[in-house]
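Data first, discussion second: the structure below is written as structure tokens.
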Amino acid sequence: MTFYTKFIVTLALVFAVGVHILSAQTTSHKDSLINFDWKFYIGDNSAAKEKVFDDKKWQTVHLPHDGSIAGGFDTVSGTRQNGFRPRHIGWYRKLLFMPANAKGKIISIEFEGVYRAAEVWVNGTHLIKHLNGYTGFTLDVTKYVIPGQNNVIAVRYDNTYKQSSRWYTGEGIYRNVWLHIRNPLHIAENGTYITTPFIGDGKAKVSVQTEVSNTANSAITATLKTVILSPGGKEVQSILSTVPLRARETYRFQQHTTIQNPEIWDILKPNIYIVKSYVSIGGNESDEYTSRFGIRTIDFTPEQGFLLNGRKVFLNGVNIHHDLGPLGAAAFDKGYKRRLLGLKKMGVNAIRLAHNPYTKSVLDMCDEMGLLVFNEAFDKWSSEYYGPGEDFKQHWQPDLGWFIKRDRNHPSVFIWSVGNEVAVKQEYKDSAFVLQLNKMVEFAHQADPSRKVTSGLYPSRDEDSPAPMAFHMDVMSDNYMSRFYKRDHPKFPQLIFIESEMTTDNGGENFFNYDHSYACGQFYWGGTDYIGESFKWPSKGWNGLIDWCDFWKPITYYIQSLYSEQPMVKVAVFDASASESRVWNDVFMNTIKMSDSWNWKPGQKLTLYTFTTGDEVELFVNNKSVGVKYMKDFPKHKISWEVNYEPGTIKAVARKNGKQIATDEAKTTGKAERIVLETDSAHFNANGLDLAYIMVTVVDKNGLVVPEATNSINFKLSGEATLAGVANNDRMSDEHFVANHRKVNDGKCLVVLRSTRKGGKVKLTASAAGLKDASLSLTAK
Numbered sequence: 001m002t003f004y005t006k007f008i009v010t011l012a013l014v015f016a017v018g019v020h021i022l023s024a025q026t027t028s029h030k031d032s033l034i035n036f037d038w039k040f041y042i043g044d045n046s047a048a049k050e051k052v053f054d055d056k057k058w059q060t061v062h063l064p065h066d067g068s069i070a071g072g073f074d075t076v077s078g079t080r081q082n083g084f085r086p087r088h089i090g091w092y093r094k095l096l097f098m099p100a101n102a103k104g105k106i107i108s109i110e111f112e113g114v115y116r117a118a119e120v121w122v123n124g125t126h127l128i129k130h131l132n133g134y135t136g137f138t139l140d141v142t143k144y145v146i147p148g149q150n151n152v153i154a155v156r157y158d159n160t161y162k163q164s165s166r167w168y169t170g171e172g173i174y175r176n177v178w179l180h181i182r183n184p185l186h187i188a189e190n191g192t193y194i195t196t197p198f199i200g201d202g203k204a205k206v207s208v209q210t211e212v213s214n215t216a217n218s219a220i221t222a223t224l225k226t227v228i229l230s231p232g233g234k235e236v237q238s239i240l241s242t243v244p245l246r247a248r249e250t251y252r253f254q255q256h257t258t259i260q261n262p263e264i265w266d267i268l269k270p271n272i273y274i275v276k277s278y279v280s281i282g283g284n285e286s287d288e289y290t291s292r293f294g295i296r297t298i299d300f301t302p303e304q305g306f307l308l309n310g311r312k313v314f315l316n317g318v319n320i321h322h323d324l325g326p327l328g329a330a331a332f333d334k335g336y337k338r339r340l341l342g343l344k345k346m347g348v349n350a351i352r353l354a355h356n357p358y359t360k361s362v363l364d365m366c367d368e369m370g371l372l373v374f375n376e377a378f379d380k381w382s383s384e385y386y387g388p389g390e391d392f393k394q395h396w397q398p399d400l401g402w403f404i405k406r407d408r409n410h411p412s413v414f415i416w417s418v419g420n421e422v423a424v425k426q427e428y429k430d431s432a433f434v435l436q437l438n439k440m441v442e443f444a445h446q447a448d449p450s451r452k453v454t455s456g457l458y459p460s461r462d463e464d465s466p467a468p469m470a471f472h473m474d475v476m477s478d479n480y481m482s483r484f485y486k487r488d489h490p491k492f493p494q495l496i497f498i499e500s501e502m503t504t505d506n507g508g509e510n511f512f513n514y515d516h517s518y519a520c521g522q523f524y525w526g527g528t529d530y531i532g533e534s535f536k537w538p539s540k541g542w543n544g545l546i547d548w549c550d551f552w553k554p555i556t557y558y559i560q561s562l563y564s565e566q567p568m569v570k571v572a573v574f575d576a577s578a579s580e581s582r583v584w585n586d587v588f589m590n591t592i593k594m595s596d597s598w599n600w601k602p603g604q605k606l607t608l609y610t611f612t613t614g615d616e617v618e619l620f621v622n623n624k625s626v627g628v629k630y631m632k633d634f635p636k637h638k639i640s641w642e643v644n645y646e647p648g649t650i651k652a653v654a655r656k657n658g659k660q661i662a663t664d665e666a667k668t669t670g671k672a673e674r675i676v677l678e679t680d681s682a683h684f685n686a687n688g689l690d691l692a693y694i695m696v697t698v699v700d701k702n703g704l705v706v707p708e709a710t711n712s713i714n715f716k717l718s719g720e721a722t723l724a725g726v727a728n729n730d731r732m733s734d735e736h737f738v739a740n741h742r743k744v745n746d747g748k749c750l751v752v753l754r755s756t757r758k759g760g761k762v763k764l765t766a767s768a769a770g771l772k773d774a775s776l777s778l779t780a781k
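Each residue of the sequence shown is one higher than the last, beginning at 1 in UniProt numbering.
Structural data, given as structure tokens:
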């Protein structure tokens with residue numbers, strides 16, 4: 001037998017063996033959420049990493065879980081940066097039964113986020129120390145678990161390092177944890193990259209790159225079938241490719257197709273296509289993977305700013321941080337959805353996810369809601385954010401690569417940001433920042449050539465020129481510097497401008513500071529109240545457009561009148577006694593306090609504002625017209641009035657083109673008499689992860705909310721739910737976020753319930769001294 005013949009026979013045997021071993025695989029790509037029944041302990045105990053350890057006295061918790069949000073505030077370990085919440089070292093342990101049929105498969109555990117410095121042991125073996133609390137990580141535990149038996153996962157975190165962030169981070173395993181079981185031939189995690197290189201002439205070209213891994217010790221021939229489903233679920237294309245793979249080889253399939261008459265993703269109609277990827281051997285399916293994408297174009301020009309699908313879209317944006325008020329940083333989908341829906345109702349069309357990667361479901365929600373995402377990887381580039389003795393230059397590349405790979409298929413993501421206020425004042429002149437920026441921009445372009453790259457600039461600059469870094473990014477993101485655009489635009493005609501942070505100074509009037517025709521838009525800081533970045537004790541956080549209960553403020557309606565086209569009007573009273581000014585990060589900030597109460601002193605002279613999307617407003621006091629005013633006479637879109645207070649009713653009527661479009665009124669209230677409970681949670685899922693938001697108000701005999709009420713409300717809960725958090729809108733309050741009581745502020749507070757994994761009745765009863773009780777019932781299904 002010749003060598004050539006021997007080689008052919010050997011190769012045939014290898015392929016035959018490969019097919020025999022791998023073709024017996026079932027399509028057992030299994031993704032299981034393992035959020036429940038973890039043991040939790042605050043403190044340090046090195047023995048907790050061992051497989052055999054007595055954790056019976058530890059608290060049982062269910063993820064997502066924030067280990068810092070319960071209990072009192074702490075002015076010793078806590079700081080104004082983290083809202084005076086305590087910082088801990090903590091441990092989690094979980095007994096995880098591994099099914100017997102997992103033998104021979106690839107087993108991995110994915111942590112979406114652990115804050116911070118997470119260390120993980122599986123059955124006593126140390127697998128990782130992951131410093132970044134905002135990036136996820138996946139561990140191949142195949143060699144360390146025993147199928148058919150209980151296995152122990154132990155996680156230690158350390159949040160005692162105070163310099164790791166400038167706002168409240170939360171701590172512990174605050175995002176989901178997944179168990180993945182795959183066949184040796186499988187599609188890699190985040191392994192699809194879907195682009196639309198051409199859209200026009202009634203068609204869209206679609207390119208799909210798919211990473212397929214053969215982790216077996218034998219060669220095989222793999223077939224990839226890629227099926228594209230329309231937003232309505234109809235198959236529109238199917239692509240087939242077959243490739244021989246060596247043992248332990250990862251191969252990138254490149255597939256291309258055309259979709260006729262594509263349904264475009266847009267903020268007005270966010271159409272989402274589904275890609276189903278099937279990899280098989282000899283006709284036997286080995287793995288299935290689902291991806292989503294949108295068909296749309298994004299572009300930027302110095303003359304028009306941002307273009308979506310060829311038309312200018314002005315970015316009516318806000319910044320948000322990741323905490324959910326009384327829930328802390330625990331990443332509940334229901335909480336994020338509620339928040340994003342409130343912002344969208346306000347007219348927001350773009351969100352800056354400041355200043356770190358968010359949980360991945362938030363990007364899915366933005367895709368579905370038609371919210372554009374300014375997606376940001378880092379805040380500062382200082383080494384301290386990774387911990388003492390750590391060098392940012394050693395960590396940024398794998399973290400940025402993970403971030404872009406995870407989020408690159410989301411049509412909502414319109415730009416990558418690689419930093420925020422990374423250099424301060426004169427440090428902009430340091431070439432080291434420009435060199436670092438150049439490296440990061442180049443890296444991002446290579447990872448995803450389809451999007452532009454930016455970095456938020458610190459609000460301090462020379463009068464005659466932006467910072468040098470501005471000329472080394474695709475789009476210039478200015479924090480609080482839009483007043484210079486009029487000067488910079490003709491002087492540096494190639495620059496493209498985004499106001500990545502804009503103050504709510506003077507109630508948000510900076511919206512009118514610059515010419516919108518060539519700028520991309522702006523992002524108010526902040527979209528909501530958040531924990532941390534307190535000016536000083538007793539404040540626990542930052543004042544945003546919507547409070548951390550997601551209750552609207554008068555300023556919310558003003559921004560709605562600027563951002564939205566929906567018919568609306570709001571009347572509010574200017575409260576000069578509560579307004580304040582300060583300088584923060586070299587920015588002068590003047591906070592205007594407004595009230596929607598109509599309880600004042602008889603005869604008191606009041607300044608009122610009316611906000612509307614109409615072109616005129618008529619104001620009435622006790623059914624008597626005060627007059628009509630026209631928006632054209634108020635260039636800041638804020639109609640002002642002077643009236644002498646009379647008890648009764650103040651009413652605003654908005655008209656457009658002479659036709660009434662909306663009304664709003666406020667009434668003088670009487671004595672507080674009873675409690676009212678209301679919920680916007682029509683469905684309460686018995687999955688252990690759902691939330692029910694319940695608004696608690698104190699009302700008078702006519703059912704009007706009494707804004708001066710400060711009663712302490714006691715809560716009693718029965719049935720299949722737990723009390724996840726309570727709050728009011730008072731950032732100065734020392735009350736606990738996790739408790740069975742809460743004072744109302746402005747006559748209201750919030751209770752958040754978390755479902756269990758059992759269906760059944762849920763009943764919340766609220767009581768307070770001197771008030772009539774209230775009850776609310778839900779059914780968990």
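Each residue gets a CB set at the ideal place from its N, CA and C atoms; glycine is no exception.
Residue i, DSSP secondary structure in three states
i	result
residue 781	coil
residue 346	coil
residue 749	strand
residue 733	coil
residue 761	strand
residue 130	strand
residue 492	coil
residue 517	coil
residue 754	strand
residue 31	strand
residue 469	helix
residue 384	helix
residue 236	strand
residue 627	strand
residue 151	strand
Sheet register partners of residue i (DSSP bridge)
i	result
residue 640	609
residue 772	674
residue 59	40
residue 273	293
residue 664	652
residue 478	457 and 499
residue 713	742
residue 244	221
residue 156	91 and 119
residue 260	203
residue 697	676 and 748
Close Cβ partners of residue i (< 6 Å) along its chain, the five nearest in sequence each way excluded
i	result
residue 49	121 and 154
residue 595	573 and 575
Proximity to residue i [Cα-Cα], best of the options
i	options	result
residue 137	282, 335, 576 and 405	405
residue 278	267, 182, 744 and 158	182
residue 177	660, 726 and 114	114
residue 737	531, 364 and 621	531
residue 146	748, 103 and 352	103
residue 684	752, 327 and 623	752
residue 330	173, 693, 609 and 311	173
Residues near residue i by beta carbon distance below 7 Å, same chain, minus five either side
i	result
residue 45	91
residue 117	129, 131, 157, 158 and 387
residue 784	The first residue shown for the chain is 1 and the last is 781, placing residue 784 beyond what the model contains.
residue 303	518
residue 771	672, 673, 674, 675, 698 and 711
C-beta neighbour in chain B for residue i, strict 7 Å
i	result
residue 504	Within the model displayed, chain B is absent; a lone protein chain is all it includes.
Other residues of its chain near residue i: CB distance less than 8 Å, five sequence neighbours each side excluded
i	result
residue 758	686, 720 and 780
residue 466	457, 476, 478, 481, 484, 488, 492 and 495
Please give me, in chain order, every unbroken run of the beta strand (DSSP E) with length at least 3 that falls completely inside the segment 53-119. 59-61, 89-97 and 106-111
Along the chain, which unbroken stretches of the alpha helix (DSSP H) at least 4 residues long are found entirely within the segment 298-379? 333-345 and 360-369
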